[in-house]
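This report refers to the structure that appears directly beneath it.
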Amino acid sequence: VGDVNIDLVVVGQSQVPQPGQEVFVDNMLMHVGGGAALFALSLAKLGLGVAFSGVLGADSNGSFIREQFAQYGIDTSLIETSKVHRTGISIAFNPDTDRSFLSYAGSNQELALERLELDRIAQGRHVHLTGYRGRENHATFLAVVKQLKEKGVTLSCDVGWDDSGEWYEGIFELMRHIDVFLMNETEALHYTRRARIEDGLRHMADYGKHIVVKLGAEGAVSMKDGVLTRHPAFKVEAVDTTGAGDSFNAGYLYGFLRGLDVETSLKYGNACGAMSVGAYGGSTGTANMDGLLQFLERHEGGRT
Ligand code: ADP
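The sequence shown maps to residues 546 to 849 in the working numbering.
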């Protein structure tokens, strides 16, 4: 459940245009973007049955995204079409390093938690929820989480953190209700106000029983039932870091949903993350299960 848009990715390093300037670039690629959409695509590629819930515009970009989803067998029947907004677009500059974005949220602005079709969504066995905005929507988000749990699904969340946003301790309350809570390193240190990730994880273990922190080129670490497990990243050349975290989430949750152990889930997560950063476009680099296993065969000797 969450955001979906078009990502325009400027290939290679480029200046971001200044007012009055036109900058020519070697190439620009168009992909599906948005954290929830990239997660859905990567998970569907791995072979799980996925339905996506979000809002698209009634335009050709929206049709392009629907076609991409359909190509990977994603159920699009929960997607709403906006009567007001066009499909969102995000232009990414310098995708391999210090990324800058020019973004139009478009139809994502209409994604309303209180209007979600929870009965239909809960026909799946697991729901991955995004779009938590701290104090602004805590009560509604928590209410949706509790209703979904009552309907018998397991839940995962990647809530994100925006430096401009106000810190809100309600996140710890949310953790109590989520089966797998995922975040990146910056978010983990912000949430817990700790300097070391291990200390942060121990703090969060008082609230969530299964927490996963993504550490970029360092891999990832999870704390499940008080046990801390680390897995290093795979060594790849990063060309576009967009969607690395969402692709990681897909690999990790594939492991969780298949009942695999934490070590294997971290390995699958890191492999999907590495495949994602190795190609332009948030989920273009990720593969089906055969591709993932081949990636592991090629790289397991060469971990960082
Ligand atoms: P987010 O995109 O959510 O900020 P990270 O930057 O931590 O998350 O990246 C998510 C995952 O992608 C990491 O845990 C790792 O598995 C993989 N990853 C990210 N950057 C690299 C890299 N340079 N080399 C290899 N793997 C990477």
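By construction, the Cβ of each residue, glycine as well, lies at the ideal position given by its N, Cα and C atoms.
This one's a predicted model, so the numbers in the text were calculated from it and none came from an experiment.
### Query
Of all the CB atoms in chain B, is at least one closer than 8 Å to the CB of V556?
Going by chain labels, chain B is absent from the structure shown, which holds only one protein chain.
### Query
Starting from R611 and walking both ways along the alpha helix (DSSP H), at which residues does that stretch end?
As a working mapping, residue 611 is identified with position 66 in the sequence shown. Secondary structure note for R611: its alpha helix (DSSP H) is the uninterrupted segment 605-616.
### Task
Report back the beta-carbon spacing between G599 and G547 to the nearest angstrom; my notes put them in contact at under 8 Å.
The count along the sequence shown starts at 1 and reaches residue 599 at position 54. The count along the sequence shown starts at 1 and reaches residue 547 at position 2. With a Cβ gap of about 6 Å, G599 and G547 count as contacting.
### Task
Please confirm whether Y752 and F801 have their CB atoms less than 8 Å apart.
Position 207 of the sequence shown holds residue 752. Position 256 of the sequence shown holds residue 801. Contact: no.
### Query
Does any heavy atom of the ligand ADP sit closer than 7 Å to the C-beta of T774?
Residue 774 sits at position 229 when you count from the first residue of the sequence shown. Checking every heavy atom of the ligand ADP against the Cβ of T774, none is found closer than 7 Å.
### Query
Relative to the ligand ADP, is the shortest distance from any of its heavy atoms to the C-beta of E612 smaller than 7 Å?
Start at 1 with the first residue of the sequence shown, and residue 612 comes out as number 67. Not one heavy atom of the ligand ADP lies closer than 7 Å to the C-beta of E612.
### Task
Taking A603 as the reference, give the member of H576, T632, L583, V757 with the closest Cα.
As a position in the sequence shown, residue 603 is number 58, starting the count at 1. A603 has its Cα closest to that of T632, out of H576, T632, L583, V757.
### Query
Does the beta carbon of V554 fall short of 7 Å from some heavy atom of the ligand ADP?
Start at 1 with the first residue of the sequence shown, and residue 554 comes out as number 9. No, the Cβ of V554 stays beyond 7 Å of every heavy atom of the ligand ADP.
#### Entry: Three-state secondary structure (DSSP) of S810
For this step, residue 810 is matched to residue 265 along the sequence shown. Annotated three-state conformation of S810 is helix, per DSSP.
### Y797 - DSSP class collapsed to helix/strand/coil
Locating residue 797 in the sequence shown gives position 252, where the first residue counts as 1. Of the three classes helix, strand and coil, the one that applies to Y797 here is helix, per DSSP.
#### Entry: Cβ-Cβ separation, N682 to L719 (assumed contact under 8 Å), whole Å
In the sequence shown, residue 719 corresponds to position 174, counting from 1. In the sequence shown, residue 682 corresponds to position 137, counting from 1. At roughly 11 Å, the Cβ-Cβ gap does not stay under 8 Å, so L719 and N682 are not in contact.
### Task
Please say whether S767 and V704 have beta carbons closer to each other than 8 Å?
What you label residue 704 is simply residue 159 of the sequence shown in a count that begins at 1. What you label residue 767 is simply residue 222 of the sequence shown in a count that begins at 1. No. Outside cutoff.
### Query
Mapping DSSP to helix, strand and coil, what is L574?
Working through the sequence shown from its first residue, we reach residue 574 at position 29. In the three-state reduction of the DSSP assignment, L574 falls in the strand class, which pools E and B.
### Query
Should D620 and V595 be called a contact, given that it needs their Cβ atoms to be closer than 8 Å?
Numbered from 1 along the sequence shown, position 75 holds the residue referred to as residue 620. Numbered from 1 along the sequence shown, position 50 holds the residue referred to as residue 595. Yes. Within cutoff.
#### Entry: Of the residues L760, V629, E695, the one placed nearest A778, counting alpha carbons only
Sequence index remark: in the sequence shown, residue 778 carries index 233 (1-based). Here the closest residue by C-alpha is L760.
#### Entry: Selection from T642, G618, Q668, F686 that minimises the alpha carbon distance to G676
Walking along the sequence shown from the start, residue 676 turns up at place 131. Selected option, being the one with the closest Cα: F686.
### D785 and A824 closer than 8 Å at C-beta
For the purposes of this step, residue 785 is taken as the residue at position 240 of the sequence shown. For the purposes of this step, residue 824 is taken as the residue at position 279 of the sequence shown. D785 places its beta carbon less than 8 Å from that of A824.
### Task
Count the C-beta pairs between the segment 628-648 and the segment 662-677 that are closer than 8 Å, then say yes if the count reaches three, no if not.
These segments do not touch.
### Task
Measure the C-alpha to C-alpha separation of V568 and V555 and round it to an integer number of angstroms.
Sequence index remark: in the sequence shown, residue 568 carries index 23 (1-based). Sequence index remark: in the sequence shown, residue 555 carries index 10 (1-based). Using only the alpha carbons, I get a separation of about 11 Å.
### Task
Count the other CB atoms, across all protein chains shown, that sit within 10 Å of the CB of R611; report buried if there are 16 or more and exposed otherwise.
In the sequence shown, counting from the first residue as 1, residue 611 sits at position 66. The residue is buried, with at least 16 neighbouring Cβ atoms inside 10 Å.
### Query
If we call anything under 8 Å between Cβ atoms a contact, is H755 one with F793?
Counted from its first residue, the sequence shown places residue 755 at position 210. Counted from its first residue, the sequence shown places residue 793 at position 248. No, Cβ-Cβ distance for H755 and F793 is not below 8 Å.
### Message
Just to confirm my understanding: we take G618, look at its own chain, exclude 5 residues before and 5 after, and list those with CB closer than 8 Å. What are they?
### Response
Start at 1 with the first residue of the sequence shown, and residue 618 comes out as number 73. Closer than 8 Å at the Cβ level, and outside the excluded window around G618, lie A589, G594, V595.
### Query
Rounded to a whole number of angstroms, what is the C-alpha to C-alpha distance between G639 and S559?
Indexing the sequence shown from 1 puts residue 639 at position 94. Indexing the sequence shown from 1 puts residue 559 at position 14. Note that residue 639 is Asn in the sequence shown here, rather than Gly. Each residue's alpha carbon lies about 6 Å from the other.
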